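Peer 1: Residue numbers (this note's numbering), protein chains in the order written: chain A, 6 to 208; chain B, 6 to 208.
Encoded as structure tokens, here's the structure I'll be asking about.
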């Protein structure tokens, strides 16, 4: 009988926390995240990912502007993270007007690298779709041809007890995922691939 | 003076090879790739990623159909890989008609996990945009609401000497990336973040 192999700890140990410590990020650690991101693959090696960040101490005005572009439900906890990030997609190939269909996808690949490197460094990154793209474009001066994709918080884990009760509960809830049988098919759509399922949650 | 931190080896050692060994993939290894993929984060934990694969020995007809949907330039070398993969994005939230704007992005996050896990297992994954989405939809019976994103080869590294000369040259060429100054900005678009640049190639 086949036994499930262990998923690498960089993937297993990642969590989208809302409990951030105020501890600042060393510049070396921040740089390592972007180094990891840029070694992702992309179509024609176009590297359509861009990153704009604001460190609360180093770029305080930009940090507040980015914070203001977040949805209120995110601001509540995100304001404690030492760094805010905007991921950006370049929507055309090179200097042409040829659409880069996989721009957002490849930003996802690069961001996946960033998440893994963050876990390696003991950092927590929480990706957020809840923000105003228009505000982000305006406050960070994004040029035409570039689209905001996601915002994120980056920092060290803080004290869960400082969170409001509803958010505290989410921190300690197990991570849940669909079983493999719902997301992987062999040879044809709907044809289940694996007889042994992995865990669907962390408990 | 700040020194660049090392990027994790799972990211550093990844390569998009074209030189595949015919050695089959153990089912456990294949499963571990998808296990890694499905622990990626996604908006509202929607998990919009789907994967359809064909193993050359286990699903020979589907394998040939997937191979036939690849662009000719990819078929030349992809035909030696033991497994072909199609990544798929679910374009709406749950059973609603609400568009999932980040579907392709989140498929990228999941695929990023898959790449890292593959590197951990000594496997090589080459993502390919060069394929016929229409053929893939038809031969793998994708339902409405799902879009093909990328195809990929998965397998062990083979002998580079068996490749045609033009492809051989690409195997030994260094991986090249834009410098950090072109992809990361602090506080505002165009504002360079780091004074120390990482390596822009592998030589």
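Quick reminder that beta carbons are idealized off the backbone N, C-alpha and C, glycines included.
None of these values were measured; they are calculated from a predicted model.
With a cut-off of 8 Å, do at least 3 Cβ pairs link the region 73-88 of chain A to the region 133-140 of chain A?
Peer 2: Verdict: yes, contact present.
Peer 1: In three-state terms, what does DSSP make of residue 65 (chain B)?
Peer 2: In this structure, residue 65 (chain B) counts as helix in the three-state DSSP scheme.
Peer 1: Classify residue 55 (chain A): buried if its beta carbon has 16 or more other beta carbons within 10 angstroms, exposed otherwise.
Peer 2: Buried is the call here.
Peer 1: So which residues on chain B does residue 81 (chain A) lean against when the C-beta distance must stay under 7 Å?
Peer 2: Within 7 Å Cβ-Cβ: nothing; residue 81 (chain A) doesn't reach chain B, min ~18 Å.
Peer 1: Going by the CB atoms, is the gap between residue 158 (chain B) and residue 182 (chain B) shorter than 8 Å?
Peer 2: No; because the gap between Cβ atoms is not below 8 Å, this pair is not in contact.
Peer 1: Can you give me the Cβ contacts of residue 120 (chain B) inside the same chain, cut-off strictly under 7 Å, excluding the 5 residues immediately before and after it?
Peer 2: Only 19, 130 meet the Cβ criterion.
Peer 1: So, residue 66 (chain B) versus residue 29 (chain B), is the Cβ gap smaller than 8 Å?
Peer 2: No, the Cβ-Cβ distance between residue 66 (chain B) and residue 29 (chain B) is not below 8 Å.
Peer 1: Check the Cβ-Cβ distances between residue 118 (chain A) and every residue of chain B, and say whether any is below 8 Å.
Peer 2: Chain B, which has a Cβ nearer than 8 Å to the Cβ of residue 118 (chain A), makes this yes.
Peer 1: Note down, in chain order, every chain A residue with its Cβ under 7 Å from the Cβ of residue 199 (chain B).
Peer 2: Those are 36, listed as they occur along chain A.
Peer 1: Pick out the complete beta strand (DSSP E) segments inside the region 134-163 of chain B, 3 residues or longer, and give them in chain order.
Peer 2: As far as the region 134-163 of chain B is concerned, its whole beta strand (DSSP E) runs of at least 3 residues are 151-160.
Peer 1: Should residue 79 (chain A) be labelled buried (16 or more other beta-carbon atoms within 10 Å of its own) or exposed?
Peer 2: Buried, by the Cβ-count rule.
Peer 1: Examine chain B for any beta-carbon lying closer than 8 Å to the beta-carbon of residue 87 (chain A), and answer yes or no.
Peer 2: Closer than 8 Å: no.
Peer 1: Does any residue of chain B bring its CB to less than 8 Å from the CB of residue 173 (chain A)?
Peer 2: Judged by the 8 Å Cβ criterion, residue 173 (chain A) is not in contact with chain B.
Peer 1: Could you have a look at residue 111 (chain A) and say whether DSSP puts it in helix, strand or coil?
Peer 2: Residue state, collapsed to three classes: helix.
Peer 1: With 8 Å as the threshold, decide whether the Cβ of residue 109 (chain B) is near any Cβ in chain A.
Peer 2: Chain A, which has a Cβ nearer than 8 Å to the Cβ of residue 109 (chain B), makes this yes.
Peer 1: Should the region 148-168 of chain B be called in touch with the region 33-46 of chain A, which here means at least 3 C-beta pairs below 8 Å?
Peer 2: Contact between the region 148-168 of chain B and the region 33-46 of chain A is absent, because fewer than three Cβ pairs lie under 8 Å.
Peer 1: Rounded to whole angstroms, what is the Cα-Cα separation between residue 170 (chain B) and residue 194 (chain B)?
Peer 2: If you take the alpha carbons of residue 170 (chain B) and residue 194 (chain B), they lie about 42 Å apart.
Peer 1: Name the residue from A:173, A:116, A:84 whose alpha carbon lies nearest to the alpha carbon of residue 16 (chain A).
Peer 2: Here the closest residue by C-alpha is A:116.
Peer 1: What does DSSP give as the partner residues of residue 95 (chain B) in its beta bridges?
Peer 2: Paired residue(s): B:151.
Peer 1: Cβ closer than 9 Å: which chain B residues qualify as neighbours of residue 145 (chain A)?
Peer 2: Within 9 Å Cβ-Cβ: 190, 192, 193, 194.
Peer 1: Could you please give the first and the last residue of the uninterrupted alpha helix (DSSP H) stretch that includes residue 83 (chain A)?
Peer 2: First-last of the alpha helix (DSSP H) with residue 83 (chain A): 77-83.
Peer 1: Does the beta-carbon of residue 11 (chain A) have 16 or more other beta-carbons within 10 angstroms, so that it is buried, or is it exposed?
Peer 2: When all chains shown are included, residue 11 (chain A) counts as exposed.
Peer 1: Checking 8 Å against the spacing of the C-beta atoms, do residue 93 (chain B) and residue 154 (chain B) come in under that value?
Peer 2: Against a cut-off of 8 Å, the Cβ pair of residue 154 (chain B) and residue 93 (chain B) comes out as a contact.
Peer 1: Using a Cβ-Cβ cut-off of 8 Å, state whether residue 21 (chain A) counts as contacting chain B.
Peer 2: True, the Cβ-Cβ gap to chain B drops below 8 Å.
Peer 1: Measuring straight from C-alpha to C-alpha, what distance separates residue 13 (chain A) and residue 138 (chain A)?
Peer 2: Straight-line Cα distance between these residues: approximately 34 Å.
Peer 1: Does the beta carbon of residue 136 (chain A) come closer than 8 Å to any beta carbon on chain B?
Peer 2: Chain B, which has no Cβ nearer than 8 Å to the Cβ of residue 136 (chain A), makes this no.
Peer 1: Can you list the residues of chain B that residue 176 (chain A) reaches, using a CB-CB cut of under 9 Å?
Peer 2: Within 9 Å Cβ-Cβ: nothing; residue 176 (chain A) doesn't reach chain B, min ~15 Å.
Peer 1: Between the Cα of residue 71 (chain A) and the Cα atoms of A:48, A:90, A:85, which residue gives the shortest distance?
Peer 2: Minimum Cα distance to residue 71 (chain A) is reached at A:90.
Peer 1: Could you tell me the distance, in whole angstroms, from the CA atom of residue 125 (chain B) to the CA atom of residue 114 (chain A)?
Peer 2: Rounded to the nearest angstrom, the two C-alpha atoms are 17 Å apart.
Peer 1: Per DSSP, residue 88 (chain A) is paired with what?
Peer 2: BP columns for residue 88 (chain A) point to A:60, A:159.
Peer 1: Mind pulling the chain A residues with CB within less than 7 Å of residue 16 (chain B)?
Peer 2: What residue 16 (chain B) touches in chain A: 41, 44, 118, 121, 122.
Peer 1: Taking the continuous alpha helix (DSSP H) assigned at residue 4 (chain B), which residues delimit it?
Peer 2: As shown, chain B starts at 6 and ends at 208. That puts residue 4 (chain B) outside it, with no answer to give.
Peer 1: Kindly indicate if chain B contains any beta-carbon less than 8 Å away from that of residue 148 (chain A).
Peer 2: For residue 148 (chain A), the answer is yes, since a Cβ of chain B falls inside 8 Å of its Cβ.
Peer 1: Identify the continuous alpha helix (DSSP H) that holds residue 188 (chain A) and give its terminal residues.
Peer 2: Here the alpha helix (DSSP H) through residue 188 (chain A) covers 185-188.
Peer 1: Is the beta carbon of residue 52 (chain A) closer than 8 Å to that of residue 191 (chain B)?
Peer 2: No, the pair does not count as a contact, with Cβ atoms beyond the cut-off.
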